[in-house]
Every structure is written in structure tokens, then in C-alpha cells.
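Colleague: One structure coming up, written as C-alpha cells, with questions to follow.
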Amino acid sequence: MLLLSLVTIFTLLLLLGSGVWIAFALIGTAWIALEFFSPFSPGPILASDFWGASYGWDLTALPMFIWMGEILFRSGLADNMFRGLSPWLNRLPGRLLHTNIIGSGMFAAVCGSSAATCATVGKMTLPELERRGYDSHMAIGTLASASTLGLLIPPSIVLIVYGVVTEQSISRLFMAGIGPGLMILALFMTYLVLWALFKGNREGLTGVDESSMGFVEKLRNTLALVPILLLMGGIIVSIYGGLASPTEAAAVGVVLSILIARWSGGFTLGMFKASLFAAIRTACMIAFIIAGASFLTSAMGFTQVPMQLARAIGEMGLSPTMLLVTLTLLLLLMGCFLDGISLILLVTAIIMPVVSAAGFDLIWFGIYLVVVVEMSQITPPVGFNLFVIQGLTGKDILTITKATLPFFLLMMLAIALMHIFPEIALYLPQAMNR
């Protein structure tokens, strides 16, 4: 069993480090484990798992939400959000720096992608904040951190993947992500307010007061937010109220996003084609990784590694809290080298028996897992958001990482609060049963 574990880990790291596609790395690792450490033939298992991982109805929501995000990404949504939010934030300590946090939260709710949120909002806010005299360090930190909420606030692509792989209700996962997502936004904004009161305002790092805009002009700019708010609210209410499944809500979201983009006047046939093909590429990539992870899950099951691991950890007598601390450190280490979806799939393939044996609610654990993945998005060397910010600003990774450190620690605080008060994540899903 020790030899099998070492061979599996070494093979996976070797394939990932060699630049092989992640799906092929998962498939190759599983094939070697079955070929040399089990009496079962890998071929039939591979064929069965690929079929089983590809025809699920819940998986249909994945390309639809990706397509919705691509449409909104190309329709000038970021400009509308900035114009709509900025007039109302001048009285709040930190002023327009809050547009990074609120704007990222809003775009995350209709996009579902961390990198797309970071790139879209950042293209609009970073130049504007720099031009108006805001601290670039804090602007980078708020953008890189708040844009990770694209993985948590529904509709979340990562939550769909987790729900499909672990056979959990995607609707309940979506509802479970709302409370923690709002909590993290509140933590970020609270930190920004305190920073502005104790440092930013005193040192002139929060721009100048621009509250002279008239009420009518403020209201006119705010109207640009109405279609997006209706889209977000319609998706969440339809799922929560049981009016539509996530797949049906995703289809409606695509249609509404096309109408919004067309109504805004910035959506052409070329953009339609570009958004469709971009969504197909991304969805196919994710589906291929899901199939590879399904094969690895089966291989681990046939070789008994997860069960042995669960038994070993159980014999260690770790409390749920210590187990959570250990898993968090392990996941953050793995997140330094893997993207979010790959990390989710790899974790569910290996440690879910350990989690189940420890008595964790799998809906709650899914939200916890996504928050840790969010943290890995701003952790070098493979923090995707760090690369996006670097492309937008040209600053080095070390500077960007330093700017995100306070928000990284706030996410750690969010995990602790979720562990102490699990109702933060579980209240809405449980309310759906009533």
C-alpha cells in the first residue's frame, strides 16, 4: 500500500510537471495504478467511466453558465457596473476602491469564473483608480481577492463540478454558496473601511471626494445596473423557489444575457460566435478533466488507497477541527501547483472517504473546499488571478502577492467562522427542505 501510494503520487506529479494535459495526467496515473497494482483491466473501466462522466443531465448546466459568462464578458458589462456603482460609494471610507469588491461580487454572480471576473473588472477599474489617485497596492489586493468569489457565488462552475462528481444537489450547493460569499465580501469591505480610516485617508491614498454629482445623474448611471440585477436575481430566485433546475436556469440565463447584451447595443454576430466557441472550448476542457478524474476515482477505489488512507487518519484520532486544519494546509500546498477545478476533482477522487468518515456535511464541505480553492487563486506560483493582475499591471508576482496577503488571511478567518457556525453555509439549503 505504501509503494502504491508513492508510485501514484510520483506519477501524478511527474505527469503534471511535464506539461501534459491535466486530464491525461489523471488518466495515466489511474492506468498505471490499475495495471500494476490490481487484477482489473484498465480498458473497460476507462470506457465505462468516460461514458458515465459524460452523459449526466446536471453537467448540461456547465457549458450554459460558461456561455452566459462569455456573452456578458464581451458586452461591456464592466463599464456599466463601474458607472452604476461609483456615484454611491464616495461617502464610504475607501471610496471607489469598493467598486473592485462590489463589482467583482456582482460580476461573479453572473459569470462564475474567477479569471474572467478579475480580467473584466480589472480592465475597467485599475486604470480609473490609478488616474484618480488611489493606492495601487490596495487596488490590486481588492481586485485579485474579490474576483475569486466567482468560484463561490452562484452560478459557480466549480460548484457544478463538485456536485456532479460527489452526487450532491447543485441547487443546494448554489444556495449554500450565498451566505459565505456575502460574508467574505463583508469581511473585505470591513477591512477596507478600517484601512481607509486608520491609514488611507491620512496618507491621501483614497483619491478625492467626487460626491458632487447630482442625484438625477446618479440615478441615470444606476439604471445601467438594473438588467444585471434582474438577471442575477432571476437565476437565484428560480433555483431557490424550485421553479427551475440549475440547468433550466442556466438556459434562461443565456437567453436573457443575449437580450441584455443586444439591448446595450454592443453585441454583434461576431461576438455571438466568439462567445459560443470560447464556451465550447472551456466546457470541453472541463468535461475531459471530469472524465479523467472519474477514472482516477475508480482506480483509487479498486486499489483501496482511499479506504486505507481514511482508516489511517481515523486511527490517528484527529478531531474534526485538526482534520480540517490538516486538510487546509494540504489543499493550499496542492493549490500552489493546480488550478481550481483540477484540485476539486483530485481531492474528491482521493479524500472524500476521509471526509465522510469524519462526519462532515458534504454540502458544507463543498463550500469549504471552494473557499480554499479561492485562496489558491491568489497563492503563487500557480495563482491564476496573480497572472491576470500581472498582465493588467505589469507588476511582479511578489508585489501582487504581498498586496493580496491581508485578504488571504481574511479568507482563513472565513473558514474558521464557517467551522464554528456551519449555519452560515447550511441555513439556505436546509430552508429549501421546508
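Residue numbering for the sequence shown follows my numbering, beginning at -9 and increasing consecutively.
C-beta atoms are modelled at their ideal positions from N, C-alpha and C, and glycine is treated no differently.
Helix or strand or just coil, what does DSSP make of isoleucine 124?
Modeller: Note on identity: in this sequence residue 124 is tyrosine, with isoleucine being the wrong assignment. DSSP places tyrosine 124 in strand when its eight states are reduced to three.
Colleague: Over the uninterrupted alpha helix (DSSP H) stretch that includes tryptophan 253, give me the two end residues.
Modeller: 236 to 254
Colleague: Would the segment 78 to 97 and the segment 123 to 135 be scored as touching if the rule is three or more Cβ pairs under 8 Å?
Modeller: yes
Colleague: Since serine 430 and alanine 273 are thought to touch, with beta carbons under 8 Å apart, how far apart are those beta carbons, to the nearest angstrom?
Modeller: Outside the modelled stretch of the chain, which goes from -9 to 424, sits residue 430, for which no answer is possible.
Colleague: If we cut at 8 Å on Cβ distances, does leucine 416 have a partner in chain B?
Modeller: In summary, chain B is missing from the structure at hand, where a single protein chain is found.
Colleague: Look at the alpha carbon of alanine 51 and the alpha carbon of glycine 204, and state the distance between them as a whole number of angstroms.
Modeller: 43 Å
Colleague: Considering only the beta carbon of each residue, do proline 310 and alanine 348 sit closer than 8 Å?
Modeller: yes
Colleague: Distance, Cα to Cα, valine 345 vs tyrosine 152?
Modeller: 14 Å
Colleague: Which ranges would you report for the alpha helix (DSSP H) in the segment 115 to 179 if only whole runs of at least 4 residues count?
Modeller: 126 to 136 and 147 to 156
Colleague: Leucine 382 and leucine 116 look like a contact to me (Cβ under 8 Å); what is the Cβ gap, rounded to whole Å?
Modeller: 6 Å
Colleague: Assuming contact is defined by CB atoms lying nearer than 8 Å, are isoleucine -1 and serine 288 in contact in what I supplied?
Modeller: no
Colleague: At which residues does the alpha helix (DSSP H) containing aspartate 386 begin and terminate?
Modeller: Looking at the DSSP string, aspartate 386 is not in any alpha helix (DSSP H), and its letter there is neither H nor E.
Colleague: Please work out which residues of its chain come closer than 8 Å, Cβ to Cβ, to leucine -4, disregarding the five sequence neighbours upstream and downstream, and give them in chain order.
Modeller: none
Colleague: Grouping DSSP H, G and I as helix and E and B as strand, with all else coil, what is threonine 338?
Modeller: helix
Colleague: Where do the N-terminal and C-terminal ends of the alpha helix (DSSP H) with methionine 422 fall, by residue?
Modeller: That residue, methionine 422, is in no alpha helix (DSSP H); it is neither H nor E in DSSP.
Colleague: Anyone know if the C-beta pair for threonine 138 and isoleucine 414 falls short of 8 Å?
Modeller: For threonine 138 and isoleucine 414, no; Cβs fall outside 8 Å.
Colleague: Less than 8 Å between the C-beta atoms of glycine 93 and leucine 75, yes or no?
Modeller: yes
Colleague: So, with DSSP's three-state summary, where would you put threonine 196?
Modeller: strand
Colleague: Let me know the secondary structure DSSP gives glycine 84 once reduced to three states.
Modeller: Coil, per DSSP.
Colleague: Leucine 79 lies in the alpha helix (DSSP H); which residues open and close that run?
Modeller: It is not in any alpha helix (DSSP H) - leucine 79 carries neither H nor E in the DSSP assignment.
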